[in-house]
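S.K.: As you go down the protein sequences, you meet chains U and C in turn. Everything in the first sequence is counted per my numbering, starting at -12 for the first residue and increasing by one. Everything in the second sequence is counted per my numbering, starting at 221 for the first residue and increasing by one. Just so you know, even glycine gets a beta-carbon here, dropped at the ideal spot from N, CA and C. Every value quoted in this text rests on a predicted model; they were computed, and no experiment measured them. Have a look at the structure that comes next, please.
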Amino acid sequence: MNAFRALVVVEAKLLFRDPVTWLAAVVLPSVVLVLFGGVFAGGPNPDLGGRRWIDLFVPSLVVITIGTLGIQTLPGRLATYREKGVLRRLGTTPVHPAGVLAAQLALYAAVSIVALVLLITVAHVGYDVPLPLDPVGYVAAYLLGMGALFAVGLLIAAVAPSARTATAIAIPLFFAVMFLGGVYMPRVLLPEIVQRIGDVTPPGVQGLQDAWLGTAPQIGPLAVLALITVGVGALATRLFRWE
Amino acid sequence: MNVIEVTGLTKRYDTRTVVDKVSFSVEEGEIFGILGPNGAGKTTTVESIAGLRRPDAGTIRVLGLDPVHDRPRLRSMVGVQLQESELPDRMTVDEALTLFASFYRNPTDRKALVGELGLEAARRTAYRNLSGGQKQRLSIALALIGRPRVAILDELSTGLDPQARRETWQLIESIRDRGVTVLLVTHLMEEAQRLADRVAVFADGRVIALDTPAAIVAHADPEQRLRFRPSAPVTDDELAVLPDVRRVERVGGQVVVAGTGNVVQNVTSLLSRRGIVAHELRIEQATLDDAYLALTASPRTAKELA
């Protein structure tokens, strides 16, 4: 078996043995949708431009997935691997320890897409939420949003001296991302300034929402996300220590 | 052929020199021991040989290659078992072996390796549930899975119970019997004496002795003791004037003679000349342990040997 594939397979098995993480990442967004769907669904609301509450809320739920994987799981795993000498050990084999990092990124990207497909299906079948109306724009916004958040996760892994510190940094950041992404409270209810901040902070929920509802995502926030992905990613790579 | 050649290796951390002009070479197919107390520079030396650290001065050649520049090529030929290097808690033995096997072009047969290391029963056990000995054996298995020509094993029996330690030793001998050159780091004299063909004794970042364990013991000339109850009286003075005797004591009815070199022969031949039988005779022979203490305690001897 090729080394990268073997790394992805073993990381997938390890993730599967950690149900709290994968349930939160894959299942929780859809569960939240079902729990609040009945309450929020409502009818078309003139205050929301004729949209229903639920149409605006569903795009925010992907934040749970990529926030859990990118900000909590990714840095937690990498910092633990460094602390336990797993990365150092890999460094003595023909595989560069970056392989384990690449494998995790690939795995979490794949898992997040499974969660997204589940969410879209539940929203569509259960609550008549349309499939993303601007699929190309949605994919672009999604990839950039995920990339930016994963880059932030890598930076945490790079600067945290221990797994404990990584968690300590990740938790408040995770809640901030969830809040700005409109998971706790629909974004339209947040103050204007908080909404504008949330447009550009990863994963850029406004773009996801626009694309889902059929408006092309704005180029400005997408550019900011791209910058964060590249800039923070490069910084994380520079600062990352394998041992 | 020398598989490993270290010449003038020097490594500093800040201003502290932890390895100071260390030179030695390891021949193909031998078990070479690196012995010394904690902080003597053993681990830094082997980590430099493994290419994990860049020397500040000196050269290292492993299979004729530079561990830093040729690291990509060497990594497939050198198996390393590091101190304090663990695996993910929930990874099973089988998964770890499959994963590490995937890193090499021509890995060894996993089943045979698992059998040889006595890990069959633990194949589906998660890393965190393995015993200390099983973890250590798995770690050795991972170092060997790529069919390395050189195996670097750092403190492999630390934290093992005596039974597990002996099993690990047998394993190391079987590795050598396959033609793998073994570089073994240890602070256990018994381990070095049992396993190593040759030993480099480290102290304060230097090699203070380099030879077979037996020759090191002989050179260091540590104190030996005879303890016996003579069948007829023998005076302290008669014993004390013998060559190589350092001191004579009486403990209960027993005579204790301490000395170096040929003290044992000198005392026993005196007794036999006098027709005295040494009842309850016990000879405390020097071990590498004593030699090591003698070496490190006496800087003069150390310098002579170096």
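I'd like to know whether the C-beta atoms of C/Asp201 and C/Glu250 end up nearer to each other than 8 angstroms.
M.R.: Here chain C comprises residues numbered 221 to 526, so residue 201 of chain C is not present and cannot be evaluated.
S.K.: Is there a Cβ from chain C that is less than 8 angstroms from the Cβ of U/Thr216?
M.R.: For this step, residue 216 of chain U is matched to residue 229 along the first sequence. No, because no Cβ of chain C sits closer than 8 angstroms to the Cβ of U/Thr216.
S.K.: For C/Ile224 versus C/Val282, is the C-beta distance shorter than 8 angstroms?
M.R.: Position 4 of the second sequence, counted from the start, is the residue given in the question as residue 224 of chain C. Position 62 of the second sequence, counted from the start, is the residue given in the question as residue 282 of chain C. Yes. Within cutoff.
S.K.: Check whether chain C comes within 8 angstroms of U/Lys0, counting only Cβ atoms and requiring the distance to be less than that.
M.R.: Locating residue 0 of chain U in the first sequence gives position 13, counting from the first residue. For U/Lys0, the answer is yes, since a Cβ of chain C falls inside 8 angstroms of its Cβ.
S.K.: Select from the segment 254 to 275 of chain C all residues with a C-beta closer than 7 angstroms to any C-beta belonging to chain D, and list them in chain order.
M.R.: Going by chain labels, chain D is absent from the structure shown, which instead holds the protein chains U and C.
S.K.: Give a yes or no on whether 8 angstroms exceeds the smallest Cβ distance from U/Val19 to chain C.
M.R.: In the first sequence, the residue the question calls residue 19 of chain U occupies position 32. So no, U/Val19 is outside the interface.
S.K.: Starting from C/Pro450 and walking both ways along the alpha helix (DSSP H), at which residues does that stretch end?
M.R.: As a position in the second sequence, residue 450 of chain C is number 230, starting the count at 1. C/Pro450 -> not in any alpha helix (DSSP H); beta strand (DSSP E) instead, spanning Gln444 to Pro450.
S.K.: How big is the Cα-Cα spacing for C/Ser394 and U/Leu56?
M.R.: By one-based count along the second sequence, residue 394 of chain C stands at place 174. By one-based count along the first sequence, residue 56 of chain U stands at place 69. So the alpha carbons of these two residues sit roughly 45 angstroms apart.
S.K.: When the distance is taken between beta carbons, is C/Val313 closer than 8 angstroms to C/Leu339?
M.R.: Within the second sequence, numbered from 1, the residue matching residue 339 of chain C stands at position 119. Within the second sequence, numbered from 1, the residue matching residue 313 of chain C stands at position 93. Their beta carbons are under 8 angstroms apart, which means C/Leu339 touches C/Val313 by this criterion.
S.K.: Is there at least one Cβ from chain C nearer than 8 angstroms to U/Val73's Cβ?
M.R.: By 1-based counting over the first sequence, the position of residue 73 of chain U is 86. Yes, contact with chain C.
S.K.: List, in order along the chain, the chain U residues whose C-beta lies closer than 7 angstroms to that of C/Leu307?
M.R.: Start at 1 with the first residue of the second sequence, and residue 307 of chain C comes out as number 87. Within chain U, the residues near C/Leu307 are Val73.
S.K.: Closer than 7 angstroms by beta-carbon distance: list the chain C residues that pair up with U/Ala(-10), in chain order.
M.R.: Counted from its first residue, the first sequence places residue -10 of chain U at position 3. Correct list: Ser322 and Phe323.
S.K.: So, is the C-beta of U/Val82 closer than 8 angstroms to a C-beta in chain C?
M.R.: In the first sequence, residue 82 of chain U corresponds to position 95, counting from 1. U/Val82 counts as touching chain C.
S.K.: Between C/Ala404 and chain U, is there a C-beta pair that is closer than 8 angstroms?
M.R.: Indexing the second sequence from 1 puts residue 404 of chain C at position 184. Checking the sequence shown, residue 404 of chain C turns out to be Leu, not Ala. It does not: the Cβ of C/Leu404 has no partner Cβ on chain U nearer than 8 angstroms.
S.K.: Could you round the C-beta distance between U/Ala66 and U/Ala11 to whole angstroms and report it? I think they count as a contact, below 8 angstroms.
M.R.: Locating residue 66 of chain U in the first sequence gives position 79, counting from the first residue. Locating residue 11 of chain U in the first sequence gives position 24, counting from the first residue. Contact flag wrong, Cβ pair sits at about 19 angstroms.
S.K.: So, does the segment 194 to 213 of chain U touch the segment 241 to 249 of chain C, judging by three or more C-beta pairs under 8 angstroms?
M.R.: Not touching, per the Cβ criterion.
S.K.: Let me know the secondary structure DSSP gives C/Ala371 once reduced to three states.
M.R.: For this step, residue 371 of chain C is matched to residue 151 along the second sequence. Strand.
S.K.: Please report the residue range of the beta strand (DSSP E) in which C/Asp240 lies.
M.R.: Locating residue 240 of chain C in the second sequence gives position 20, counting from the first residue. First-last of the beta strand (DSSP E) with C/Asp240: Arg236 to Glu247.
S.K.: Indicate whether at least one CB of chain U lies closer than 8 angstroms to the CB of C/Arg310.
M.R.: On the second sequence, position 90 is the one that residue 310 of chain C refers to. For C/Arg310, the answer is yes, since a Cβ of chain U falls inside 8 angstroms of its Cβ.
S.K.: Assess, as a yes-or-no matter, whether the segment 260 to 270 of chain C is touched by the segment 326 to 336 of chain C under the definition of 3 or more beta carbon pairs within less than 8 angstroms.
M.R.: Segments in contact, no.
S.K.: In angstroms with no decimal places, state the Cα-to-Cα distance between C/Ala514 and U/Glu230.
M.R.: Along the second sequence, one-based indexing puts residue 514 of chain C at 294. Along the first sequence, one-based indexing puts residue 230 of chain U at 243. Whole-angstrom Cα-Cα distance: 37 angstroms.
S.K.: Taking 8 angstroms as the CB-CB cut-off, is U/Arg4 touching chain C?
M.R.: Here residue 4 of chain U is taken as the residue at index 17 of the first sequence, counted from 1. So yes, U/Arg4 belongs to the interface.
S.K.: Drop a sphere of 10 angstroms on the beta-carbon of U/Val49, count the other beta-carbons inside from all chains shown, and report buried for 16 or more, exposed for fewer.
M.R.: Mapped onto the first sequence, residue 49 of chain U falls at position 62. Under this definition U/Val49 is a buried residue.
S.K.: Taking only the alpha-carbon atoms, compute the straight-line gap between C/Leu272 and U/Thr79 and give it to the nearest angstrom.
M.R.: Here the question's residue 272 of chain C lines up with position 52 in the second sequence. Here the question's residue 79 of chain U lines up with position 92 in the first sequence. Their Cα atoms are separated by approximately 8 angstroms.
S.K.: Please list, in chain order, the chain U residues whose beta carbon lies closer than 7 angstroms to that of C/Ser296.
M.R.: As a first step, residue 296 of chain C must be located in the second sequence, where it is residue number 76. The contacting residues are Pro81.
S.K.: Would you tell me roughly how many angstroms separate the C-alpha atoms of C/Pro368 and C/Gly299, rounded to the nearest one?
M.R.: Sequence index remark: in the second sequence, residue 368 of chain C carries index 148 (1-based). Sequence index remark: in the second sequence, residue 299 of chain C carries index 79 (1-based). Whole-angstrom Cα-Cα distance: 5 angstroms.
S.K.: When DSSP labels each residue in this structure, what does C/Arg418 get in the three-state scheme?
M.R.: Taking the first residue of the second sequence as position 1, residue 418 of chain C is located at position 198. Strand.
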